[in-house]
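Residue numbers (this note's numbering), protein chains in the order written: chain H, 1 to 232; chain B, 1 to 232.
Built from N, CA and C at the ideal position, the CB exists for glycine as well.
Note that the coordinates shown come from a computational prediction; the quantities given were computed from them, not determined experimentally.
For reference, the structure discussed in these notes is given below.
Shown next as structure tokens:
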């Protein structure tokens, strides 16, 4: 795909404000059915941790599920990983795509693919890499290879990016990543950085829209809005 | 009024989810024009701290402004209060109602009223009172008296309530307050308590709606939704 879809973590209002494609909901987010009602245009991803939660999310209307953490990860220090068997159980229990997250690396993508997972979401495998662009390309190839038995839509590579203060290195890394190698860029945004990142989010999504609608012109940069307040 | 209007602080999505009347936006919230676009049904209040900010908020389409903090307050320790003169300047600069917040007590309501402010918003004057119900009634009378030269809509008494964990005493205090003495109940909700407070918020607003539509039946309690997930 030219340009990744953009999903905003948790904040339905931010997703609406920036024209994102979707929102990723966790256990402390607004309920799925409520989000469907107030934001019918958004694709809804739900983060789940077991089969029961997956079934609840499916019944409530989630478009996709993210399951994790599959392997040990620095994002969840001290917590036991849920493992590939649990991932496979969740995949078998639902009819929507299941994205694996947590400790996914080049080395284990193939094992993840064998569970029937529709794709992977990573943080440190890209943002923590010495060469984030190369890491993304390698993961892209691994996804395409490991998941080649599945439909094209099911080779998802998602970069989960936390927009926080004082993460300049991570920010630089994210900017090096070729977005046409990602299936989605999922953004977690905290209140303290909302205002300063909002324009960036809007620009990101404009880029995605441009890419989708004008595939022949994907090299030209998006025209950023002059001012956030002028968008309405 | 029978039952207070309910406004949710900052979170446009939560305001939409619970069917609140409005949202109160601060400098780190989504921009007013964006909120108007994604949530046209919500009344928009904006928190401002000077005349320039008030004019910007008015130009962007705010329905009302909250100005503060007027007096020294425990909510903003160590910060200089902005004072009655600044409040009066803001009131004079805009055409929408201006609510005064910050250190408002029974003793200074009359002085606040002389600035032309449309009302007051309090936290500790009610939630910190030994008898919150009596404090609310007294503030209600003071507002009606001090602001009696103004139009009826401009005698607003707003309780600003921060929904946080481990504030059982404050929670009990809030429940003692007769809502028909408040003009609005403004709720600030943090992510950690969102899920557990959501039903309470929804119930609050159902109560307000019932009161508005069935004034003769205001003694009957609202019918709470069985389950948050069933509301859609």
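**Prompt:** What distance in whole Å lies between the Cβ atoms of residue 122 of chain H and residue 106 of chain H, which are believed to be in contact at a cut-off of 8 Å?
**Reply:** Contact flag wrong, Cβ pair sits at about 10 Å.
**Request:** Consult DSSP for residue 123 of chain H and reduce its assignment to one of helix, strand or coil.
**Result:** coil
**Request:** Whole angstroms is fine: what's the gap from residue 153 of chain B's alpha carbon to residue 118 of chain B's?
**Result:** Here the model assigns residue 153 of chain B a pLDDT of 38, short of 50, so the residue's position is not dependable, and the following value carries that caveat. Approximately 8 Å between the Cα atoms of the pair.
**Prompt:** Any Cβ of chain H within less than 8 Å of the Cβ of residue 166 of chain B?
**Reply:** Bear in mind that a pLDDT of 49 at residue 166 of chain B, under 50, signals an unreliable position, so the model cannot answer this.
**Asked** Helix or strand or just coil, what does DSSP make of residue 184 of chain B?
**Response** strand
**Request:** Could you tell me the distance, in whole angstroms, from the CA atom of residue 143 of chain H to the CA atom of residue 53 of chain H?
**Result:** 26 Å
**Message:** Distance cutoff 8 Å, beta carbons only. Does residue 6 of chain H sit that close to anything in chain B?
**Reply:** no
**Asked** Leaving out five residues before and five after residue 89 of chain H in sequence, what residues of the same chain have Cβ atoms less than 6 Å from its Cβ?
**Response** 51
**Message:** Please state whether the Cβ-Cβ distance between residue 20 of chain H and residue 34 of chain H is less than 8 Å.
**Reply:** no
**Prompt:** According to DSSP, is residue 70 of chain B helix, strand or coil?
**Reply:** coil
**Item:** Of the residues H:70, H:44, H:48, the one placed nearest residue 63 of chain H, counting alpha carbons only
**Value:** H:44
**Prompt:** What number of angstroms, rounded off, separates the C-alpha of residue 13 of chain B from the C-alpha of residue 174 of chain B?
**Reply:** 23 Å
**Request:** Indicate the three-state DSSP secondary structure (helix, strand or coil) for residue 82 of chain B in the structure shown.
**Result:** coil
**Request:** With DSSP as the reference, label residue 172 of chain H as helix, strand or coil.
**Result:** helix
**Asked** Helix or strand or just coil, what does DSSP make of residue 155 of chain B?
**Response** coil
**Request:** Hey, could you find the ends of the alpha helix (DSSP H) residue 20 of chain B is sitting in?
**Result:** Looking at the DSSP string, residue 20 of chain B is not in any alpha helix (DSSP H), and its letter there is neither H nor E.
**Message:** With H, G and I counted as helix, E and B as strand and the rest as coil, what does DSSP make of residue 178 of chain B?
**Reply:** coil
**Asked** What are the start and end residues of the alpha helix (DSSP H) that includes residue 34 of chain B?
**Response** 32-38
**Message:** So, for residue 136 of chain H: in the same chain, excluding its five sequence neighbours on each side, which residues have a beta-carbon less than 6 Å away from its beta-carbon?
**Reply:** 126, 177, 181
**Prompt:** Is DSSP giving residue 94 of chain B helix, strand or coil here?
**Reply:** coil
**Request:** Within its chain, find whatever has a CB closer than 7 Å to the CB of residue 4 of chain B; leave out the 5 residues flanking it on each side and keep chain order.
**Result:** 179, 182, 183, 184, 185, 208
**Prompt:** Which value, in whole angstroms, describes the spacing of the CA atoms of residue 23 of chain H and residue 114 of chain B?
**Reply:** 47 Å
**Asked** From residue 75 of chain H to residue 61 of chain H, what does the alpha carbon distance come to, in whole angstroms?
**Response** 28 Å
**Asked** Quick one, which residues of the region 30-49 of chain B are near chain H if we go by CB-CB under 8 Å, in chain order?
**Response** 30, 31, 32, 33, 34, 35, 36, 37, 38, 39
**Asked** If the cut is a Cβ gap below 7 Å, which residues of chain H does residue 11 of chain B touch?
**Response** 13
**Request:** Please confirm whether residue 57 of chain H and residue 38 of chain H have their CB atoms less than 8 Å apart.
**Result:** no
**Asked** Can you tell me whether DSSP reads residue 14 of chain H as helix, strand or coil?
**Response** helix
**Contacts around residue 116 of chain H, its chain only, beta-carbon distance under 8 Å, and the 5 residues preceding and following it disregarded** = 88, 91, 92, 98, 150
**Request:** Pull up the distance between the alpha-carbon of residue 6 of chain H and that of residue 120 of chain H, whole angstroms please.
**Result:** 15 Å
**Asked** Three-state secondary structure (DSSP) at residue 112 of chain B?
**Response** helix
**Item:** Contacting residues, own chain, Cβ-Cβ under 7 Å from residue 124 of chain H (five flanking each side not counted)
**Value:** 74
**Prompt:** Of all Cβ atoms in chain B, is any one closer than 8 Å to the Cβ of residue 87 of chain H?
**Reply:** no
**Message:** Quick check: what's the CA-CA separation for residue 94 of chain H versus residue 84 of chain H?
**Reply:** 16 Å
**Request:** Name the one or two DSSP bridge partners that residue 7 of chain B has.
**Result:** B:22, B:186
**Prompt:** From the beta carbon of residue 17 of chain B, is the nearest beta carbon of chain H less than 8 Å away?
**Reply:** yes
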